[in-house]
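Numbering (the working numbering), first residue to last: 6 to 107.
Just so you know, even glycine gets a beta-carbon here, dropped at the ideal spot from N, CA and C.
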């Protein structure tokens with residue numbers, strides 16, 4: 006009876022020696038799979054963020070172009086106003102400063 010118990014203990018020990026490395030391999034491969042999955046998700050999010058930033062950059066370039074155009078139009082209006090006043094001065098016409106214009 007003790008011999009049978011000893012044989013069963015040895016058999017159980019052999020099974021543990023076989024099963025534990027296999028379990029460790031399964032757990033490590035599961036951890037590796039999680040690492041690969043996390044890396045893929047991170048790369049996908051980085052790609053989406055990069056596309057969003059490109060769209061924002063294009064929009065900001067358009068806004069900067071419109072802003073520059075409007076500033077140039079204001080500057081042109083000021084220069085034309087100065088030219089008009091200089092022409093009035095050369096021709097001897099008085100500037101209309103207010104009132105009814107009589």
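*asked:* Distance check for residue 57 and residue 69, CA to CA, integer angstroms please.
replied: Position 64 of the chain shown, counted from the start, is the residue given in the question as residue 69. Position 52 of the chain shown, counted from the start, is the residue given in the question as residue 57. Near 18 Å, if we compare the C-alpha coordinates of residue 57 and residue 69.
_Could you compute how far the alpha carbon of residue 80 sits from the alpha carbon of residue 53?_
Your numbering for residue 80 matches position 75 in the chain shown. Your numbering for residue 53 matches position 48 in the chain shown. Computed Cα separation, rounded: 41 Å.
_Separation of residue 67 from residue 82, as counted between CA atoms_ = The count along the chain shown starts at 1 and reaches residue 82 at position 77. The count along the chain shown starts at 1 and reaches residue 67 at position 62. The alpha-carbon atoms of residue 82 and residue 67 are separated by roughly 23 Å.
_For residue 82, three-class secondary structure by DSSP_ = On the chain shown, position 77 is the one that residue 82 refers to. Note: residue 82 maps to helix in three-state DSSP.
*When DSSP labels each residue in this structure, what does residue 37 get in the three-state scheme?*
Here residue 37 corresponds to residue number 32 of the chain shown, with the count starting at 1. If DSSP states are grouped into helix, strand and coil, residue 37 belongs with the helices.
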